[in-house]
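First the structure, in the form of structure tokens, and then the observations on it.
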Amino acid sequence: MKRVMSALVSVFAMLCMAVTSPLVMAKPAKTLPQVSVQLWSVKEDLAKDVDGTLTKLAELGFAGVEFAGEFGKYADNPEALKQKMDALGLTGSGAHVSFEQLNSDNIKQTVAFYRTLGVSYLIIGWDERAWDEKRIDEVVTLLNQAAEDLKAYDMQVGFHNHDHEFNTYQNATFWDYIARNTQGSVIMQQDVGWTTYAGKDPVEYVKRYPGRTQTTHYKVVAKDKYPDLVPLIGEGATDWPALVSANIEVGGTHWLVVEQEENPEGLTRMQAVEKSYQALLTFLQQYQK
Numbered sequence: 013m014k015r016v017m018s019a020l021v022s023v024f025a026m027l028c029m030a031v032t033s034p035l036v037m038a039k040p041a042k043t044l045p046q047v048s049v050q051l052w053s054v055k056e057d058l059a060k061d062v063d064g065t066l067t068k069l070a071e072l073g074f075a076g077v078e079f080a081g082e083f084g085k086y087a088d089n090p091e092a093l094k095q096k097m098d099a100l101g102l103t104g105s106g107a108h109v110s111f112e113q114l115n116s117d118n119i120k121q122t123v124a125f126y127r128t129l130g131v132s133y134l135i136i137g138w139d140e141r142a143w144d145e146k147r148i149d150e151v152v153t154l155l156n157q158a159a160e161d162l163k164a165y166d167m168q169v170g171f172h173n174h175d176h177e178f179n180t181y182q183n184a185t186f187w188d189y190i191a192r193n194t195q196g197s198v199i200m201q202q203d204v205g206w207t208t209y210a211g212k213d214p215v216e217y218v219k220r221y222p223g224r225t226q227t228t229h230y231k232v233v234a235k236d237k238y239p240d241l242v243p244l245i246g247e248g249a250t251d252w253p254a255l256v257s258a259n260i261e262v263g264g265t266h267w268l269v270v271e272q273e274e275n276p277e278g279l280t281r282m283q284a285v286e287k288s289y290q291a292l293l294t295f296l297q298q299y300q301k
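If you're matching positions, the sequence shown starts at 13 in our numbering and goes up one per residue.
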């Protein structure tokens, strides 16, 4: 009997240890987004030396690049560009395109080019109809059509904001209207710099549309409105730690895209990109603690 009781006590003890073990109690670790750079940031460097610019970005530590239409010597040879990217360890995190590139006459060519580069996300980078009350529905229709057309290629379309999309429309904003009237597969690629510039909270908009921020631009917009603001990630009114957390926990974000449109005084564009990148890495490290 004593042996039986002793065995039962041992089993009970092991069960208690299993229940209270940190390995059991710990929550599954969230997968961190990868960091890429929007090539518009270094477009002058890219136009002069594609290989050298990509090499420098890879050396800085970027995992990927987002294309913006400048391919230099590779404009007609995506296969060679992909080979170069592979050699540098760079992934195509996405590309900014126009609706024209996705219409029935051009979509096959566009898809073939970007699939060769390993790109899955095709983002509409700018369309003035997106803040026009009379034409906003054209944008919605085109996004939904592109979403359907791209499914066959296992690709997604998305839309990128500037400040105008956050103008008031139907008791919300044009951005809200686009999000609420497009398929869930349409990526809402929030540019947090422009969102903040427009006086809105980018964290709120990530949370408002869960799972639709697969890729997002991190930057600071100063322009003439905030002449004393240093245009580097980490500066300005954006709550950067909260934003990183929202992207990871709510947004379904796969790529954080560094974009640098302005240079702080005394820095080259590449130097500014590096400073913003290092600041973003710090916020990602803080999230993990």
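We put the CB at the ideal spot given by N, CA and C, even for glycine.
Cβ pair residue i, residue j closer than 9 Å
i, j, result
"G170", "V152", "no"
"V204", "T265", "no"
"F79", "G106", "yes"
"D175", "Y209", "yes"
"H108", "G137", "yes"
"T227", "W267", "yes"
"R157", "S132", "Checking the sequence, you will find Gln at residue 157 rather than Arg. No. Outside cutoff."
"I148", "Y181", "yes"
"K219", "V285", "no"
"G223", "Y238", "no"
"K235", "S288", "no"
"E308", "R281", "Missing from the structure shown is residue 308; the chain here goes from 13 to 301 and no further."
8 Å contact criterion, which residue i and residue j should meet: CB distance rounded
i, j, result
"L114", "T122", "6 Å"
"V270", "V49", "5 Å"
"L66", "K96", "6 Å"
Alpha-carbon to alpha-carbon, residue j and residue i
i, j, result
"Q300", "L255", "14 Å"
"H229", "D213", "14 Å"
"L296", "L44", "8 Å"
"F111", "N118", "10 Å"
"G84", "I245", "28 Å"
"L292", "V242", "15 Å"
"A38", "T225", "In this prediction, A38 has a pLDDT of 44, which is less than 50 and means its spatial position is unreliable; what the coordinates show is noted afterwards. Approximately 27 Å, taken between the alpha carbons."
"W206", "I260", "20 Å"
"S33", "I190", "Its pLDDT being 42, under 50, S33 is placed unreliably by the model, and the measurement read from it follows with that caveat. Rounded to the nearest angstrom, the two C-alpha atoms are 47 Å apart."
"V62", "A87", "11 Å"
"Q290", "W252", "13 Å"
"L58", "E71", "15 Å"
"K163", "E273", "32 Å"
"F178", "D188", "8 Å"
"A184", "K146", "16 Å"
"N89", "V233", "34 Å"
"L35", "L129", "Since pLDDT at L35 reaches only 41, below the 50 mark, its modelled position is unreliable, and the value read off the structure follows with that caveat. Spanning the two alpha carbons is a distance of roughly 40 Å."
"N173", "E140", "10 Å"
"S279", "Q195", "What sits at residue 279 in the sequence shown is Leu, not Ser. Cα-Cα distance, rounded: 41 Å."
"E150", "L69", "37 Å"
"K60", "E82", "11 Å"
"Y217", "A258", "10 Å"
"A124", "D161", "13 Å"
"A99", "W52", "22 Å"
"Q298", "G211", "26 Å"
"Q202", "E277", "27 Å"
"R192", "A142", "14 Å"
"K94", "D144", "38 Å"
"F186", "K42", "32 Å"
"M200", "Y165", "20 Å"
"N275", "Q283", "9 Å"
"Q46", "G101", "13 Å"
"D240", "S116", "46 Å"
"L154", "V215", "27 Å"
"G76", "K120", "24 Å"
"C28", "A159", "The pLDDT assigned to C28 is 47, lower than 50, so where the model puts this residue is not dependable; a value taken from the coordinates is nonetheless given after this. Distance between the alpha carbons of C28 and A159: 51 Å."
Those residues which DSSP pairs with residue i across a bridge
i, result
"E286", "Answer is none; E286 lacks a bridge partner."
"I119", "For I119, which the question treats as bridged, DSSP gives no partner whatsoever."
"Y133", "Q168"
"M200", "F171"
"Q50", "E78"
"A291", "Its beta-bridge partners do not exist; DSSP assigns none."
"V109", "I136"
"T180", "T185"
Whole beta strand (DSSP E) runs in the stretch 65-102 with 3 or more residues, listed along the chain?
76-79
Can you list the alpha helix (DSSP H) stretches of 4 or more residues lying completely in the stretch 203-284, in chain order?
204-209, 214-220, 252-258
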